[in-house]
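J.:
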DNA sequence: CCTACCGATCGGTAGG
DNA sequence: CCTACCGATCGGTAGG
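Residue numbers (the working numbering), protein chains in the order written: chain A, 1 to 188; chain B, 1 to 188.
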């Protein structure tokens, strides 16, 4: 009746609403209108679902960053990174929410893999900011803090952005870009 | 042996590390070296502890905002709001973490009270940004998005700022202020 | 996909 | 502060 993908999608929705530990396998089974035991013919464990969700969100973020052409200017690359980040959050809001909120409940070895992917993602932002400072189009006292500032402003949007609201993702990205670019723009 | 405050403080630490649903009353009792049942002579329920933690964090944020003199310039008021916010996060990192992460697990009537306090807090930021735009020292396409941008950048710091790290809260506040003020500064 | 069931643990109470 | 215990529910398995 259901594929593993269906089950993981529903799990993503429930985990994002109630948290990983606040969602039971029977809660999930009820939504799918099957018995709890049936889930185990599709997935190995509850944690496997969390892993699939979190890892797929990481895939999406990294794919968006990888699509940014490296030969563009720092301003343009940052603009695309910001747009791509917000676009992933808007398209995959439940997955992104679980990614930000629940990844810590993975067992240590899986958690470590997510940390590495998250660090790799942050490096895309760090590099573009450092390149901009070097080339004189950006300024910042500390590139690390500036990177965390930008990513903080972006990450938290999963808490308040609603894809069905009156603010479109394009409008949000445009305004966020105006604010971020100004915060980093070199004087003169 | 233990006061209610002691118990709630430990609960704040555990909830911030493992989540509300990921922490059992027996986990908490073990840290305090008592039996699980003993906790109930100090607190009414697990949820009461969550409420105490979340509500106290709200107290701290609102108190910091209320301490900002209303007759200062928008730039100065925003500077103080940013500093105050980061200061609360640094001083009360476990409480702030639970506030941001676990408030949704309160029952509806308590959750509603937190929402109202959070909205009142956001209004402090919204007003100062609108005042700045009106007076011509700030610019933003949409004051609401600008407010959420600033608060997003601030809120997420609980995820990465460590009070025992090499970056002090004063350094962080100063750099955040430089970035935020530039993001809003009117041209010319 | 089901029924039936496992041991462990959950938040919480009774009674001292 | 304790022992003893409650019913409910947890993630997961056996076997079909």
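Glycine included, each C-beta is placed from N, C-alpha and C at the ideal position.
1. With the cut-off set at 8 Å, would you say residue 81/B and residue 65/B are in Cβ contact?
2. Find the residues of chain B that neighbour residue 160/A, judging by a C-beta separation of less than 7 Å, and give them in chain order.
3. When you compare each of 84/B, 39/B, 20/B to residue 174/B by their alpha carbons, which one comes out closest?
4. What does the alpha-carbon distance come out to for the pair residue 155/A and residue 142/A?
5. Quick check on DSSP: helix, strand or coil for residue 138/B?
6. Tell me, to the nearest whole angstrom, how far the beta carbon of residue 150/A is from that of residue 180/A; I am working on the premise that it is less than 8 Å.
7. Is the distance from the Cβ of residue 19/B to the Cβ of residue 21/A below 8 Å?
8. Compute the beta-carbon to beta-carbon distance between residue 52/A and residue 8/A, rounded to the nearest angstrom, for a pair I have assumed lies under 8 Å.
9. Would you mind stating whether residue 12/B and residue 121/B have Cβ atoms separated by less than 8 Å?
10. Rounded to the nearest angstrom, what separates residue 144/B and residue 167/B at their Cα positions?
11. Which same chain residues end up closer than 7 Å to residue 28/A when comparing Cβ atoms and leaving out the 5 residues on each side of it in sequence?
12. Please determine if the segment 130-137 of chain B and the segment 129-140 of chain A are in contact, where contact requires at least 3 C-beta pairs separated by less than 8 Å.
13. Within the continuous alpha helix (DSSP H) that includes residue 86/B, where are the two ends?
14. Could you tell me whether any Cβ in chain A is nearer than 8 Å to the Cβ of residue 231/B?
15. Exposed or buried, residue 88/A, counting other C-beta atoms within 10 Å across all chains shown (16 or more means buried)?
16. Just mark residue 103/A as buried or exposed, buried being the case when its beta carbon has 16 or more other beta carbons within 10 Å.
17. Expressed to the nearest angstrom, what Euclidean distance is found between the alpha-carbon atoms of residue 159/B and residue 57/B?
18. Residue 69/B and residue 135/B look like a contact to me (Cβ under 8 Å); what is the Cβ gap, rounded to whole Å?
19. I'd like to know whether the C-beta of residue 118/A is nearer than 8 Å to at least one C-beta of chain B.
20. If contact means a Cβ-Cβ distance below 9 Å, which residues of the segment 166-178 of chain B contact chain A?
21. Whose C-alpha, out of 182/B, 91/B, 152/B, 47/B, is nearest the C-alpha of residue 111/B?
22. Using alpha carbons as the reference points, say which of 161/B, 183/B, 2/B lies closest to residue 78/B.
T.: The answer reads as follows:
1. Against a cut-off of 8 Å, the Cβ pair of residue 65/B and residue 81/B comes out as a contact.
2. 148, listed in chain order.
3. Taking each of 84/B, 39/B, 20/B in turn and checking the Cα distance to residue 174/B, the smallest one comes out for 84/B.
4. Straight-line spacing of the CA atoms in residue 155/A and residue 142/A works out to 20 Å.
5. Annotated three-state conformation of residue 138/B is strand, per DSSP.
6. Correct: roughly 6 Å between the Cβ atoms.
7. Taking the C-beta atoms as reference points, residue 21/A is found nearer than 8 Å to residue 19/B.
8. That pair is a contact at about 5 Å.
9. The answer is no: Cβ separation not under 8 Å.
10. If you take the alpha carbons of residue 144/B and residue 167/B, they lie about 30 Å apart.
11. If we look at residue 28/A and ignore the five residues flanking it on each side, its Cβ neighbours are 10, 11, 14, 39.
12. Too few Cβ pairs lie closer than 8 Å, so no.
13. Residues 74-91.
14. Beyond the ends of chain B as shown, which are 1 and 188, falls residue 231/B; an answer cannot be given.
15. Under this definition residue 88/A is a buried residue.
16. By the 10 Å Cβ count, residue 103/A comes out buried.
17. Rounded to the nearest angstrom, the two C-alpha atoms are 16 Å apart.
18. Cβ-Cβ separation between residue 69/B and residue 135/B: approximately 16 Å, too far for a contact (criterion under 8 Å).
19. Interface residue (Cβ-Cβ distance to chain B less than 8 Å): residue 118/A is not classified as such.
20. Taken in chain order, the members of the segment 166-178 of chain B whose beta-carbon sits within less than 9 Å of a beta-carbon on chain A are 167, 171, 172, 174, 175, 176, 178.
21. Residue 111/B has its Cα closest to that of 47/B, out of 182/B, 91/B, 152/B, 47/B.
22. That would be 183/B, whose Cα lies nearest to the Cα of residue 78/B.
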